[in-house]
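Q: In our numbering, the protein residues as written are 11 to 373.
Please see the structure below; I have some questions.
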């Protein structure tokens, strides 16, 4: 009986040891730093994967690049294999500074070791490669980062950002910017003039002067923008204030609190709520297919109307309207022209709608 108990105890100890060996994780850290002189017109190009890129302002005419690498694996041999496959190209030539993460030291090595690369970077092994860059605001910056976040303080040079599977956090981007963001969240305080491409993101922008957005399956929140141009598919837009709105959307819902000047919308299978149009707006042009649109004008508003309506429920304040309606039996289309309200200047609402609901309200 005692022998049996001893045997069971030994089995438990062996199993525990095996589990401990299997569960053991090795880690190793590396750091490298390089600095370069820079001046007005200099540009920095960063390419990275599996880590964050953080840009920090300083007042010196230099760029300091720090790379922190962390390796983790259940095998030291696997860590060494990852280290053999990983290298960095950090150079400066004239105006141009380049900092790139390289997987495979050269083309022939890369082609010969694809299986090793796959095993090293896409299995249970982990590597994080974090870039921290100190630089002046005036540098022209290009960043391509995958599977990691991007942080930037104020920036006055141009910004070209391509980010996938990561989050953006930015303060004031004064220079012209191009942002391609896929799969992640974004919080940006200021974009002066920017073109954005977004897919599967949740993005919040506090203020912009001119913003062009090409988006898909995203949620976009904008507090204030002067000119907003967007092409959208299956998105949700929430805008607090916009002066000029130009949209082409498909299966997109838009909730706009205030549009002060001009609206030009082409929508299919969408919902638009324009919650406040001031009496001194300029022009509204809507092309709607299978969409629901609600527009709320300030009391005292007045404007010419030119409506072409087919199989659409149209509602407007009849007691304020002086209009003429003709119906084309062949086209099954109503043509409505006239004035709603007391028009004081050359303001116009033009609507071409087929299927859906259009509501014009004065509140």
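We put the CB at the ideal spot given by N, CA and C, even for glycine.
1. Should residue 35 be labelled buried (16 or more other beta-carbon atoms within 10 Å of its own) or exposed?
2. Distance, Cα to Cα, residue 264 vs residue 271?
3. If you draw a straight line from the alpha carbon of residue 119 to that of residue 45, how long is it in whole angstroms?
4. Beta-carbon separation of residue 202 and residue 228 under 8 Å?
5. Give a yes or no on whether the C-beta atoms belonging to residue 109 and residue 141 are separated by under 8 Å.
6. What does a CB cutoff of less than 6 Å around residue 40 pick up in its chain, not counting 5 residues either side in sequence?
7. Would you list the residues sitting across from residue 51 in a DSSP beta bridge?
8. Using the three-state DSSP reduction, which class does residue 87 fall into: helix, strand or coil?
9. Using C-beta distances below 6 Å, list every residue in its chain close to residue 247, excluding the 5 sequence neighbours before and after it, in chain order.
10. Looking only at its own chain, which residues have a Cβ that is under 7 Å from the Cβ of residue 348, when we skip the five neighbours before and after it?
11. When you compare the region 150-169 with the region 181-191, are there three or more beta-carbon pairs, one atom per stretch, that lie closer than 8 Å?
12. Out of 49, 361, 152, which one is the CA nearest neighbour of residue 57?
13. Could you work out which residue in 360, 183, 243 is closest to residue 198 when comparing CA atoms only?
14. Leaving out five residues before and five after residue 367 in sequence, what residues of the same chain have Cβ atoms less than 6 Å from its Cβ?
15. For the beta strand (DSSP E) that residue 141 lies in, which residues bound it at each end?
16. Among residues of its own chain, excluding the 5 on either side of residue 8, which ones have a beta-carbon nearer than 6 Å to its beta-carbon?
17. Alpha carbons only, please: which of 305, 372, 76, 226 is nearest the one belonging to residue 242?
18. Leaving out five residues before and five after residue 254 in sequence, what residues of the same chain have Cβ atoms less than 6 Å from its Cβ?
19. Looking at the structure shown, is residue 93 part of a helix, part of a strand, or coil, going by DSSP?
20. Is the beta carbon of residue 268 closer than 8 Å to that of residue 363?
21. Quick check on the DSSP output: what are the complete alpha helix (DSSP H) runs of length 4 or more inside the region 167-229, in order along the chain?
22. What does the Cβ neighbour count give for residue 262, buried or exposed, with the cut at 16 atoms within 10 Å?
23. With residue 319 as the anchor, note down where its beta strand (DSSP E) starts and where it stops.
24. Where does residue 328 sit, in a helix, a strand or coil, going by DSSP?
25. In angstroms, rounded to a whole number, what distance separates the CA positions of residue 137 and residue 365?
26. If you compare alpha carbons, which of 166, 156, 186, 258 is closest to residue 172?
27. Alpha carbons only, please: which of 82, 148, 62, 48 is nearest the one belonging to residue 71?
28. In whole angstroms, give me the CA-to-CA distance for residue 69 and residue 205.
A: With the structure as the only source:
1. Residue numbering aside, residue 35 sits at position 25 when the chain shown is read from its first letter. Taking all protein chains in view, the Cβ of residue 35 is surrounded by fewer than 16 other Cβ atoms within 10 Å, so the residue is classified as exposed.
2. Locating residue 264 in the chain shown gives position 254, counting from the first residue. Locating residue 271 in the chain shown gives position 261, counting from the first residue. Distance between the alpha carbons of residue 264 and residue 271 is about 17 Å.
3. Counting from 1 along the chain shown, the entry for residue 119 is found at position 109. Counting from 1 along the chain shown, the entry for residue 45 is found at position 35. Annotation note: pLDDT 46 at residue 119 (below 50); position unreliable, no value reported.
4. Here residue 202 is taken as the residue at index 192 of the chain shown, counted from 1. Here residue 228 is taken as the residue at index 218 of the chain shown, counted from 1. The answer is no: Cβ separation not under 8 Å.
5. Working through the chain shown from its first residue, we reach residue 109 at position 99. Working through the chain shown from its first residue, we reach residue 141 at position 131. Going by C-beta atoms, residue 109 is nearer than 8 Å to residue 141.
6. Taking the first residue of the chain shown as 1, we reach residue 40 at position 30. Within the same chain, residue 40 has close Cβ partners 79.
7. Walking along the chain shown from the start, residue 51 turns up at place 41. Note: residue 51 sits in no beta bridge, so no partner.
8. In the chain shown, residue 87 corresponds to position 77, counting from 1. Here residue 87 sits in helix by DSSP.
9. By one-based count along the chain shown, residue 247 stands at place 237. Correct list, in chain order: 230, 264.
10. Numbered from its first residue, the chain shown carries residue 348 at position 338. 315, 331, 332, 333, 334, listed in sequence order.
11. Contact holds: three or more Cβ-Cβ distances are below 8 Å.
12. Reading the chain shown from its first residue, position 47 is the one you call residue 57. Ranking 49, 361, 152 by Cα distance to residue 57 puts 152 first.
13. Position 188 of the chain shown, counted from the first residue, corresponds to residue 198. For the residues 360, 183, 243, the minimum Cα distance to residue 198 belongs to 183.
14. Position 357 of the chain shown, counted from the first residue, corresponds to residue 367. Cβ contact annotation for residue 367 (same chain, cutoff 6 Å, sequence separation greater than five): 302, 323, in chain order.
15. The count along the chain shown starts at 1 and reaches residue 141 at position 131. 136-145 is the span of the beta strand (DSSP E), which, as asked, contains residue 141.
16. Here the chain has residues from 11 to 373 only, and residue 8 is not among them.
17. The residue you call residue 242 lines up with position 232 of the chain shown. Nearest option by C-alpha distance: 226.
18. Residue numbering aside, residue 254 sits at position 244 when the chain shown is read from its first letter. Hits under 6 Å: 237, 271, 272.
19. In the chain shown, the residue the question calls residue 93 occupies position 83. Reduced to three states, the DSSP call for residue 93 is helix.
20. Within the chain shown, residue 363 is the residue found at index 353, counting from 1. Within the chain shown, residue 268 is the residue found at index 258, counting from 1. With respect to the 8 Å criterion, residue 363 and residue 268 are not classified as neighbours on the basis of their beta carbons.
21. Counting only runs of 4 or more, we get nothing.
22. Walking along the chain shown from the start, residue 262 turns up at place 252. Residue 262 should be labelled buried.
23. Here the question's residue 319 lines up with position 309 in the chain shown. In the DSSP assignment, residue 319 falls within the unbroken beta strand (DSSP E) covering 312-320.
24. For the purposes of this step, residue 328 is taken as residue 318 along the chain shown, with counting starting at 1. DSSP places residue 328 within a helical segment (H, G or I) once states are collapsed to three.
25. For the purposes of this step, residue 137 is taken as residue 127 along the chain shown, with counting starting at 1. For the purposes of this step, residue 365 is taken as residue 355 along the chain shown, with counting starting at 1. CA-to-CA, the gap between residue 137 and residue 365 works out to about 54 Å.
26. Residue 172 sits at position 162 when you count from the first residue of the chain shown. When only C-alpha atoms are compared, the closest one is 156.
27. Position 61 of the chain shown, counted from the start, is the residue given in the question as residue 71. Comparing Cα positions, the closest option is 48.
28. Residue 69 sits at position 59 when you count from the first residue of the chain shown. Residue 205 sits at position 195 when you count from the first residue of the chain shown. Answer to the nearest angstrom: the Cα atoms are 28 Å apart.
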